[in-house]
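Protein chains in written order, with my numbering: chain A, 403 to 698; chain B, 13 to 265; chain C, 19 to 321.
Beta carbons: idealized from backbone N, C-alpha and C, even for Gly.
Since the structure is predicted, the reported quantities are computational estimates derived from the model, not experimental observations.
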Amino acid sequence: MSYTAWIILTAALVGLSCGIIGVFLILRKTAMMADAISHTVLLGIVLAFIVTREVGGTPMLIGGILAGIVTAFLVQWLHSLDVQHDASIGIVFTTLFAIGVILIATSIGNAHLDVQHALMGEITFIPFHTITVPWIGEIPQATALLILVLLVVLFFIVTFYKEWKITSFDPALAASLGIPVLFMHYLFMGLVSVTTVASFDAVGAIMVVAMLITPAASSYLWTDKLVVMLVLSGAFGVLSAVIGYYVAAWIDTSISGSMAFATGIIFLISFLFSPKHGIIAKRLKPETGQTGTDPV
Amino acid sequence: MKEIVLEVKDLSASYRKTTVLHDVNFSVQRGSLTGIIGPNGAGKSTLIKTILELHPALTGTVKFFNEPYNKVKKRIGYVPQRGSVDWDFPTDALDVVTMGLYGQIGWLRRPTRKHKQKAYEALEKMGMGDYADRQISQLSGGQQQRVFLARALVQDADMYFMDEPLAGVDAATERAIMTILKELKAKGKTVLVVHHDLQTVEDYFDHVLLLNRTIINHGKTEDVFTMENIAETYGGNMRWMGEKREHAFHIVE
Amino acid sequence: MLSILSSSNTLWVLLSTMTLGVAAGTIGCIAYWKRQNLMSDALSHAALPGVVIAFLLWGEKNLLVLVIGAGITALIGALFIQWVTTSSRITEDSAMGMVLAVFYGFGIMLLAIANRLPGGNQSGLDNFIYGQAAAMVRSDVITMLILALVVLFIVFISFKEWKIFLFDKEFAQGLGISIQRMNTLYSVVLVMAIVIGIQAVGVILMAALLIIPAVSARYWTQSFHWMILLSALIGGLSGVLGTLVSTMKNGLPTGPFIVVVGAGFFVLSFLFGKEKGLFVNYVQYKFQQKQQLKLMEQEGGNV
């Protein structure tokens, strides 16, 4: 495969995983957790580096995932102790991120890790670090990782589909039916973290946030069916990756920045023109919301 | 005397510094339909939430069928206030009702056609059969409440707690819900309902629990729902009562 | 320590981070009661494209110009969030997340272009975006001080209007206060507080300066008046202490230290705050439980 194809494939994988996860993120009203986790993952990676002196690989993955789950846990804990939910997100992630930056500045120097790289990613280098996978041959390491993550994400979303649905829609009912709501929450945040960490090195934190929130929000404007929303959101993620790549190639600029921007364009189009919930459609046929004529 | 299925002892609860429930003791018989009545801020919702461990209790114990809550969770159905969920969630009426079956379906299994059929029957019972595939945000308030009731029905619990199911619904929905509640009672289920409309208490409930921070009175409607008791319950809140209270008096008289 | 203080530039930087902390702490209280804590995070990210565009148009790094550019895109971001949430089913947190990531992505695109252009002081731009208080020069500090004072002045002269606006919108409307105008004013002061802080702490951590002092202050008082004062104090102290620590060694970033000091204040308040600190809450709960039990025993005895 060509250089370009690998980059687009890798970004498309990020778009697909994030698009699917993002649907539940939005429906659970925890969109800003994406922002929080994508930043605190940095601390996990830094700590993993300090312990193992290794950039990348398994330690980095584990460090990042743990950091994500710790973030989710701290936010939940503060919130359960009466701190406003968004305030606890704001406090936890900025503090952990600040600690990460300080650690980079004091104990690591500039060795292989810097904040800007982390935020923007270096997708252009992806095709150069390859590994050999049995039966498939040589493929870029980041791509292989993202394929694995996509499989993990699909597995969990499909297996616990109805549990995700009920814990997102009505946690109180879920709890009374004996579904462990809090455990499901942490499992979900774990999935967000896994996806974030895997995407992090390739495309950077900001694109992960864009891919997690925007395609899902766009698809929310097109459909009232959860399954359709999941499919659409994944598709929007992939589409953003492709559009973003070519825009970046065209005006010669940051690929991941451009992909994040492309998600925004898709949202804007959905927001204006979606036949269901777009604002133009709403203008044309005002208030069709409550059409309930009562039965009996 | 009938079997006692719910026993609340010395229950109290608070929100920060204010005690909302104080020394609440009562027991409920199997097959009764109880209205929980009291002024705004009397702790009606808190009572239900504390009983179901959705709000921490300061003191006291609650036993269902002589067991703690955790052991009998699945035998208990809870219908929260309509405003407690996001009605913009991408799902339809039938799907929401099917959620009531998730406990029975269990992990790793999908709802089958049989489950869907059961959910559909519950919807039909609530007069909502034609709305099964309607997106839930497109339902009126009354219809949403019926969906919630249908969901409680399929749960097939032995005891139900309902938080203001009749608040802000149209007359037809109110009739439909009451028919179902009486049917549940006839089947030997126990139902507790937070209710706010004093005029209908006598028609709807066989038992009444008058609550204002603590239990003012509890028992058979004809014994307990008297002018004196109502006045005592709403005593400190005369002004809040306004004209409703006068109606209530007429009925009692 | 003395040697640090004797350096005149450090004094200027200290003054600016202190003022910034005070201004951010004050505005943070307003954001807290509007329940829009994370709005500052979204808007500080949304400021990035404005910074780069201003730089591209002006051709050099001038703080006032960058701040104006930052302010413009941040305001557009704020308007966009409002537009999306009021006219569609998208919730506010999703709208904020989108504005944050998409605007920032757009900024990164522009930044890559700016970095390609010949000439210009790109590293200065990076310092500005990621926060490097030590890189500030005297004229920067003066610009910042003036802007911060303007923000404080706006809050100060309309203090009682803010209070009514935050606690009882309908009542405020009854008094003839225009909610629309207050909302606009709120967005303007919020954006101002954010953009003047970017230089010192960076776009990513700016939100912390608005959130942490306000939430910490909440643990000590029930009065809005005191909360603002305390929040300003905590903000100012975090600014000063964080800056001092970061000047201990060359090349240390200022922003993260300010945030960590602020977080320290939060933890203290969270544990020991007299209003609803963890410790006080626990004692209160136990006390109430005991009272309740005693009361019941007495009543039980009477029956």
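- Interface annotation for the region 86-120 of chain C against chain B: 107, criterion Cβ-Cβ distance under 8 Å.
- At a C-beta separation below 8 Å, residue 504(A) has these neighbours in chain C: 270, 271, 274, 275, 278.
- Measuring C-alpha to C-alpha distances from residue 208(C) to each of 230(C), 36(C), 44(C) identifies 44(C) as the nearest.
- Straight-line measurement puts the Cα of residue 424(A) at about 39 Å from the Cα of residue 76(C).
- Looking at the DSSP output, residue 223(B) shares a beta bridge with 227(B).
- Residue 232(B) has 219(B) as its beta-bridge partners, per DSSP.
- Residue 298(C) and residue 580(A) have their C-alpha atoms some 34 Å from each other.
- The region 148-166 of chain B makes contact with the region 94-106 of chain B; the number of CB pairs closer than 8 Å reaches 3 or more.
- Against residue 623(A), the close residues of chain C are 106, in the order they occur along the chain (beta-carbon pairs closer than 7 Å).
- Identification of residues in the region 558-571 of chain A having a C-beta nearer than 9 Å to some C-beta of chain B yields 561, 562, 563, 564, 565, 567, 568, 570, 571, given in sequence order.
- Per DSSP, residue 687(A) is not a residue of any beta strand (DSSP E), being assigned neither H nor E.
- Neighbours of residue 481(A) in chain C, taken as residues whose beta carbon is under 7 Å from its own, are absent, since the nearest beta carbon is some 12 Å off.
- Closer than 9 Å to the CB of residue 610(A) there is not a single CB belonging to chain B.
- In the DSSP annotation of this structure, the continuous segment of the alpha helix (DSSP H) that includes residue 133(C) starts and ends at 110-134.
- Fully enclosed alpha helix (DSSP H) runs of no fewer than 4 residues occupy 187-192, 197-219, 224-236 of the region 183-254 of chain C, in order along the chain.
- Residue 37(C) sits in a helix when the DSSP states are folded into three classes.
- Contacts with chain C at 9 Å (Cβ-Cβ) include residue 673(A).
- For the region 526-596 of chain A, the continuous alpha helix (DSSP H) assignments of 4+ residues that do not extend past its boundaries occur at 543-561, 563-571, 573-578, in sequence order.
- Taking all protein chains shown into account, residue 285(C) has fewer than 16 neighbouring C-beta atoms within 10 Å of its C-beta and is therefore exposed.
- In chain order, 490, 491, 494 place their CB closer than 6 Å to the CB of residue 477(A), counting only its own chain and leaving out the 5 sequence neighbours on each side.
- In the structure shown, the three-state DSSP call for residue 100(C) is helix.
- The C-beta of residue 534(A) has fewer than 16 other C-beta atoms within 10 Å across all chains shown, which makes the residue exposed.
- Between the region 450-460 of chain A and the region 617-634 of chain A, the count of C-beta pairs closer than 8 Å stays below three; the two stretches do not touch.
- Rounded to the nearest angstrom, the Cβ distance from residue 14(B) to residue 43(B) is 7 Å, consistent with a contact under 8 Å.
- Residues of the region 178-210 of chain B that bring their beta carbon within less than 8 Å of a beta carbon in chain A comprise 182, 184, 185, 187, 188, in sequence order.
- The beta carbon of residue 636(A) is closer than 7 Å to those of 418, 421, 422 in its chain, skipping five residues each way along the sequence.
- Of all residues in the region 63-97 of chain B, those with a C-beta nearer than 8 Å to a C-beta of chain C are 70, 71, reading in chain order.
- Counting only runs of at least 3 residues, the region 20-52 of chain B fully encloses the following beta strand (DSSP E) elements, listed from N- to C-terminal order: 30-41, 45-49.
- Across the structure, residue 641(A) and residue 414(A) are spaced so that their CA atoms are roughly 8 Å apart.
- Of the other Cβ atoms in all chains shown, fewer than 16 fall within 10 Å of the Cβ of residue 308(C); this residue is therefore exposed.
- When C-beta atoms of the region 33-47 of chain B are compared with those of the region 218-229 of chain B, three or more pairs fall below 8 Å, so the two segments count as touching.
- For residue 50(C), the residues of chain A that pass the 9 Å Cβ criterion are 486, 489, in the order they occur in the chain.
- Per DSSP, residue 168(B) has no beta-bridge partner at all.
- Contact with chain C is absent for residue 235(B), since none of that chain's Cβ atoms lies less than 9 Å from the residue's Cβ.
- In the DSSP assignment, residue 16(B) forms a beta bridge with 41(B).
- In this structure, the beta-carbon distance from residue 113(C) to residue 98(C) falls below 9 Å.
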